[in-house]
Amino acid sequence: MQIFHRSTNTISRATIYGAVFLIAALLWAVLELQRSPYITYAKVVRPQPVPFSHQHHVAGLGIDCRYCHTSVENSSFAGIPPTKTCMNCHSQIWTGAPLLEPVRESFRSGKSLVWTRVNDLPDFVYFNHSIHINKGVGCNTCHGPVDRMPLMFNYASLQMEWCLDCHRDPAKYLRPRDQVFNMRYQEPSTFMPIVVEGKQYTDQLSLGSDLVKKYNLRTVADITSCSTCHR
Amino acid sequence: MPEQNGKLHREEICPDKKSTLDLETVRARVAETKGPEFWRSLEELAGSEEFREMMHREFPKGASEWIDPVSRRGFMKLMGASLALAGMTACTKQPLEPIVPYVRQPEEVIPGRPLFYATAFTLGAYAIPLLVESHLYRPTKIEGNDQHPASVGGTDVFAQASILGMYDPDRAQTISYLGEIRTWGNFVEAIRGPLNSQKAVQGAGLRILTRSFSSPTLADQLRSLLQLYPQAKWHVYEPINRDNVLAGAQMAFSQAVETRYDLEKADVILSLDADFLSAGFPGNVRYIRDFAKRRDPDSGNMSRLYVAEGTPSATGAKADHRLPVSASFVETFARALAVPLGITAGTGELPMRF
Chain A
1 MQIFHRSTNT ISRATIYGAV FLIAALLWAV LELQRSPYIT YAKVVRPQPV
51 PFSHQHHVAG LGIDCRYCHT SVENSSFAGI PPTKTCMNCH SQIWTGAPLL
101 EPVRESFRSG KSLVWTRVND LPDFVYFNHS IHINKGVGCN TCHGPVDRMP
151 LMFNYASLQM EWCLDCHRDP AKYLRPRDQV FNMRYQEPST FMPIVVEGKQ
201 YTDQLSLGSD LVKKYNLRTV ADITSCSTCH R
Chain B
232 MPEQNGKLHR EEICPDKKST LDLETVRARV AETKGPEFWR SLEELAGSEE
282 FREMMHREFP KGASEWIDPV SRRGFMKLMG ASLALAGMTA CTKQPLEPIV
332 PYVRQPEEVI PGRPLFYATA FTLGAYAIPL LVESHLYRPT KIEGNDQHPA
382 SVGGTDVFAQ ASILGMYDPD RAQTISYLGE IRTWGNFVEA IRGPLNSQKA
432 VQGAGLRILT RSFSSPTLAD QLRSLLQLYP QAKWHVYEPI NRDNVLAGAQ
482 MAFSQAVETR YDLEKADVIL SLDADFLSAG FPGNVRYIRD FAKRRDPDSG
532 NMSRLYVAEG TPSATGAKAD HRLPVSASFV ETFARALAVP LGITAGTGEL
582 PMRF
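Heads up: the protein sequence lines correspond to chains A and B, in order.
Using our numbering, the letters of the first sequence map in sequence onto residues 1 to 231.
Using our numbering, the letters of the second sequence map in sequence onto residues 232 to 585.
Given below as structure tokens:
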């Protein structure tokens with residue numbers, strides 16, 4: 001005599017077969033979630049003590065990145081400006097603005113302003129700014145159009161797959177060193193070529209591969225090895 | 232199949248089995264179960280009295296395991312799953328981190344690049360020049376100062392370890408009085424009264440205790456203090472000191488001088504219980520470098536080191552010829568050795584050593 005009804009044959013076959021697809025779908029959903037702005041905070045504005053507008057200061061006033069982020073060319077850490085840098089100008093302009101009261105308070109009391117870190121890598125990753133600047137990676141390649149951000153947000157997910165996208169082929173993203181801080185740089189095209197050392201380039205890959213040689217970049221095998229970043 | 236009252240007896244299916252199996256009960260049990268129910272035989276599922284009795288007889292402990300909420304098996308399952316899933320702790324949302332700049336950033340500091348400060352490490356009265364690598368004003372690593380002739384870039388183990396003294400949790404961070412935190416102002420106020428009263432007796436009641444030091448600045452400060460309080464006494468105590476060495480120098484040279492050796496020029500070195508290559512010997516980092524310069528066997532003028540010592544030491548390990556002698560015998564040995572070296576006259580015979 002049978003304990004189980006005959007239909008359990010079909011049900012068990014269907015569920016075992018379908019479970020594989022179900023698990024795959026769930027896994028896909030989790031991985032998509034992991035890439036989403038919910039997890040990575042990409043393009044999500046983070047709360048800050050003062051609503052600092054890069055758009056106004058960079059695009060509006062023309063201040064270069066390096067005026068505030070001083071150690072970007074010679075250190076691993078780009079640095080954010082001390083309160084004094086803000087007060088260099090704001091002790092003379094907008095001196096009474098209520099928006100700037102936290103800055104003035106910080107300068108008066110000697111207590112630092114506590115900003116929320118926007119471009120934040122996990123602690124097990126070592127990132128060195130100066131090497132990227134010196135090899136021709138532009139500011140807005142990674143940080144996006146900062147000069148058009150009224151409030152700062154992360155342009156990219158900063159996940160490893162995003163970093164590897166460039167590390168596996170730097171020629172896709174390199175630009176001449178003098179254009180690194182140019183927020184309005186356009187990649188070379190037929191109607192707007194880039195001239196480097198007399199030679200004209202009309203597409204990014206040819207410019208990039210020449211710059212890889214010119215700026216003495218290490219091989220792809222080197223820069224994608226684990227210990228480059230996970231020291 | 233033969234049926235009797237709706238119950239099927241096992242004897243009919245398997246004639247040699249005598250036990251009864253109540254299939255109706257089994258069906259009823261299966262029908263009312265909601266979750267997974269594991270059973271190894273139909274008798275168990277039936278839950279008959281005979282089965283329970285058989286289990287109790289056969290597996291006394293196993294019988295009670297049935298109702299145990301967390302069995303050994305369950306425990307192993309839980310721990311295995313926890314271990315496997317422990318790696319998933321990284322799959323969390325990264326929390327928002329603060330980033331805190333200076334209010335007024337000092338000019339010379341570049342965050343991410345170290346600053347090197349020239350300083351010295353003192354052990355007793357002897358100093359080793361150092362460069363301390365510091366990150367954002369936190370000292371992290373001791374390096375030697377290779378521009379200084381006293382060490383030519385070398386450091387010894389005590390100098391390297393001294394970085395830990397900076398972060399020693401027992402290191403006093405504040406002034407305290409009877410265990411309670413006080414300010415520098417409190418201390419000055421407290422000491423002002425007694426010091427003023429000492430002025431009347433020219434400091435006869437004042438005693439200063441220091442360790443050995445060779446700092447000219449500190450010596451000058453103490454000297455000016457002693458001029459203010461001429462009757463005050465300054466005591467020096469150093470647990471491991473070179474008082475005997477200085478006393479010997481006094482005897483030999485009629486003043487307490489420190490000897491400096493130029494081991495680079497020495498062809499033959501005799502060490503009488505002097506561990507000049509180890510940490511703690513004044514100038515050892517320089518002596519190590521100079522000694523090493525003359526130890527190339529291919530150069531043709533390799534130096535030779537004789538050591539007569541009691542405790543095994545690094546110098547003794549480097550010696551070409553080592554004589555183990557007890558510390559009390561070193562003087563006798565030296566006197567006997569002086570004869571063939573032409574320093575003194577005598578027989579040069581060594582008595583039996585112990």
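We put the CB at the ideal spot given by N, CA and C, even for glycine.
Keep in mind that this is a model prediction, so the values were computed, not measured.
Using a Cβ-Cβ cut-off of 8 Å, state whether Pro332/B counts as contacting chain A. For the purposes of this step, residue 332/B is identified with residue 101 of the second sequence, where counting begins at 1. For Pro332/B, the answer is yes, since a Cβ of chain A falls inside 8 Å of its Cβ.
Under the three-state DSSP convention, the category Met310/B falls into: Here residue 310/B refers to the residue found at position 79 of the second sequence. It is helical.
Residue-level contact to chain A via CB, Gly266/B, 8 Å cutoff: Translated into the one-based positions of the second sequence, residue 266/B becomes position 35. Output row for Gly266/B: interface = no.
Jot down the residue ranges of each uninterrupted alpha helix (DSSP H) in the region 439 to 475 of chain B, minimum 4 residues, whole runs only, in chain order. Whole alpha helix (DSSP H) segments, 4+ residues: 447 to 459.
Which residue from His69/A, Val20/A, Gly62/A and Val118/A puts its Cα closest to that of Met152/A? Taking the first residue of the first sequence as 1, we reach residue 152/A at position 152. Checked all of His69/A, Val20/A, Gly62/A and Val118/A; the closest Cα to Met152/A is Val118/A.
Leaving out five residues before and five after Met232/B in sequence, what residues of the same chain have Cβ atoms less than 6 Å from its Cβ? One-based indexing of the second sequence puts residue 232/B at position 1. For Met232/B, the pLDDT reaches just 48, beneath the cut-off of 50, and the residue's location in the model is therefore unreliable, leaving the point undetermined.
Would you list, in chain order, the members of the region 68 to 83 of chain A that have their beta-carbon closer than 9 Å to a beta-carbon of chain B? Thr70, Ser71, Asn74, Ser75, Ser76, Phe77, Ala78, Gly79, Ile80, Pro81, Pro82 and Thr83
Beta-carbon of Arg344/B versus every beta-carbon of chain A: anything under 8 Å? Counting from 1 along the second sequence, the entry for residue 344/B is found at position 113. Chain A, which has a Cβ nearer than 8 Å to the Cβ of Arg344/B, makes this yes.
With distances taken Cα to Cα, identify the nearest neighbour of Val58/A among Met149/A, His143/A, Ser106/A and Lys111/A. Here residue 58/A is taken as the residue at index 58 of the first sequence, counted from 1. Cα-wise, what sits closest to Val58/A is Met149/A.
Is the beta carbon of Ser206/A sitting closer than 8 Å to the one on Phe127/A? Here residue 206/A refers to the residue found at position 206 of the first sequence. Here residue 127/A refers to the residue found at position 127 of the first sequence. Their beta carbons are not under 8 Å apart, which means Ser206/A does not touch Phe127/A by this criterion.
Identify the contact partners of Arg117/A in chain B, using a Cβ-Cβ distance below 8 Å as the criterion. Taking the first sequence and counting its residues from 1, one reaches residue 117/A at position 117. Within chain B, the residues near Arg117/A are Leu327, Glu328, Pro329 and Ile330.
Buried versus exposed call for Asp411/B [16 or more other C-beta atoms within 10 Å across all chains shown]: Within the second sequence, numbered from 1, the residue matching residue 411/B stands at position 180. For the sequence presented, residue 411/B should be read as Glu rather than Asp. Answer is exposed; the Cβ neighbour count stays below 16.
As a quick exercise: from Leu217/A, Val45/A and Val196/A, pick the residue whose alpha carbon is nearest that of Lys135/A. The residue labelled residue 135/A in the question sits at position 135 within the first sequence. Leu217/A is the residue among Leu217/A, Val45/A and Val196/A whose C-alpha sits nearest the C-alpha of Lys135/A.
Around the C-beta of Asp467/B, are 16 or more other C-beta atoms found within 10 angstroms, so that it is buried, or is it exposed? Stepping through the second sequence from its first residue, residue 467/B is reached at position 236. In the sequence as presented, Asp is not what sits at residue 467/B; that position holds Val. The residue in question, Val467/B, is exposed, as its Cβ has fewer than 16 Cβ neighbours within 10 Å.
For Ile131/A, report the span of its alpha helix (DSSP H) as first-last. Counting from 1 along the first sequence, the entry for residue 131/A is found at position 131. Its alpha helix (DSSP H) spans residues His129 to Asn134.
So which residues of chain D does Arg335/B contact, with C-beta pairs closer than 7 Å? Structure shown: chain D not included; protein chains present are A and B.
Taking CB distances under 8 Å as the criterion, tell me whether Phe52/A reaches chain B. Translated into positions along the first sequence, residue 52/A becomes position 52. Chain B, which has no Cβ nearer than 8 Å to the Cβ of Phe52/A, makes this no.
Reduced DSSP category for His552/B - H, G, I as helix; E, B as strand; rest coil: Mapped onto the second sequence, residue 552/B falls at position 321. It is a strand residue.
Which one of Pro555/B, Gly311/B, Gln336/B and Gly396/B has the shortest CA to CA distance from His69/A? Taking the first residue of the first sequence as position 1, residue 69/A is located at position 69. The option with the nearest alpha carbon to His69/A is Gln336/B.
Identify the residues that DSSP records as bridge partners of His366/B: which are they? As a first step, residue 366/B must be located in the second sequence, where it is residue number 135. According to DSSP, which records beta bridges pairwise, His366/B is partnered with Arg369/B.
For Lys84/A and Ala97/A, what's the separation of their Cα atoms in angstroms? Within the first sequence, numbered from 1, the residue matching residue 84/A stands at position 84. Within the first sequence, numbered from 1, the residue matching residue 97/A stands at position 97. Going from the Cα of Lys84/A to the Cα of Ala97/A covers about 17 Å.
Under the three-state DSSP convention, the category Phe560/B falls into: On the second sequence, residue 560/B is found 329 positions in, with the first residue counted as 1. If DSSP states are grouped into helix, strand and coil, Phe560/B belongs with the helices.
Rounded to whole angstroms, how far is the Cβ of Gln200/A from the Cβ of Glu187/A, which I believe are closer than 8 Å? Along the first sequence, read from residue 1 onward, the residue named residue 200/A stands at position 200. Along the first sequence, read from residue 1 onward, the residue named residue 187/A stands at position 187. Going by Cβ atoms, the distance from Gln200/A to Glu187/A rounds to 14 Å, so no, they are not a contact pair.
Using a threshold of 8 Å, state whether the C-beta atoms of Leu536/B and Phe564/B are closer than that. Numbered from its first residue, the second sequence carries residue 536/B at position 305. Numbered from its first residue, the second sequence carries residue 564/B at position 333. No, the Cβ-Cβ distance between Leu536/B and Phe564/B is not below 8 Å.
Got a sec: is the Cβ-Cβ distance from Val261/B to anything in chain A below 8 Å? Numbered from its first residue, the second sequence carries residue 261/B at position 30. Judged by the 8 Å Cβ criterion, Val261/B is in contact with chain A.
CA-to-CA distance, Arg402/B to Gly396/B, given in whole angstroms: For the purposes of this step, residue 396/B is taken as the residue at position 165 of the second sequence. For the purposes of this step, residue 402/B is taken as the residue at position 171 of the second sequence. Distance between the alpha carbons of Gly396/B and Arg402/B is about 7 Å.
Please confirm if the region 30 to 50 of chain A is in contact with the region 107 to 125 of chain A, defined as three or more CB-CB distances below 8 Å between the two stretches. yes
Give me the Cβ distance between Asp493/B and Ser544/B, rounded to the nearest whole Å; I'm assuming they're in contact under 8 Å. Here residue 493/B refers to the residue found at position 262 when the second sequence is read from its first residue. Here residue 544/B refers to the residue found at position 313 when the second sequence is read from its first residue. Actually they do not touch by this definition, with Cβ atoms about 21 Å apart.
Between which two residues does the beta strand (DSSP E) carrying Gln204/A extend? Start at 1 with the first residue of the first sequence, and residue 204/A comes out as number 204. Where Gln204/A is concerned, there is no enclosing beta strand (DSSP E), although the alpha helix (DSSP H) it sits in stretches over Gln204 to Lys214.
Check Pro51/A in the structure and name its three-state DSSP category. Along the first sequence, one-based indexing puts residue 51/A at 51. If DSSP states are grouped into helix, strand and coil, Pro51/A belongs with coil.
Are Ile394/B and Pro370/B touching if we call contact CB-CB under 8 Å? As a working note, residue 394/B is residue 163 in the second sequence. As a working note, residue 370/B is residue 139 in the second sequence. Going by C-beta atoms, Ile394/B is nearer than 8 Å to Pro370/B.
Helix, strand or coil for Lys199/A? Go by DSSP, reduced to three states. As a first step, residue 199/A is located in the first sequence; it is residue number 199 there, counting from the start. Three-state result, Lys199/A: strand.
Going by DSSP, name the residue or residues bridged to Glu374/B. For the purposes of this step, residue 374/B is taken as the residue at position 143 of the second sequence. Paired residue(s): Leu362/B.
Starting from Val137/A, follow its DSSP beta bridges and name the residues at the other end. As a position in the first sequence, residue 137/A is number 137, starting the count at 1. Per DSSP, Leu174/A.
Alpha carbon to alpha carbon, what distance is there between Ser157/A and Ile16/A? Walking along the first sequence from the start, residue 16/A turns up at place 16. Walking along the first sequence from the start, residue 157/A turns up at place 157. Straight-line Cα distance between these residues: approximately 36 Å.
Asp169/A: which of Arg184/A, Asp210/A, Val180/A and Thr40/A sits nearest, CA to CA? Residue numbering aside, residue 169/A sits at position 169 when the first sequence is read from its first letter. It is Asp210/A.
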